[in-house]
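Numbering (the numbering used here), first residue to last: 1468 to 1515.
Contents: one structure, followed by commentary.
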């Protein structure tokens, strides 16, 4: 029984770690997109 409880705990830990990694990935992508938008905006202002 203890082994199965530990296995379940490890499984949930892995799930949490995976979700955190995905969240970090989305955060990084959002940061990149913000930087791109900022740079495009500056480029437009220079051309005007």
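A virtual CB, placed ideally from N, CA and C, is assigned to each residue, including glycine.
Since the model is a prediction, treat every value here as computed from it, not as a measurement.
Any idea what DSSP makes of residue i, helix, strand or coil?
i	result
residue 1468	coil
residue 1505	helix
residue 1515	coil
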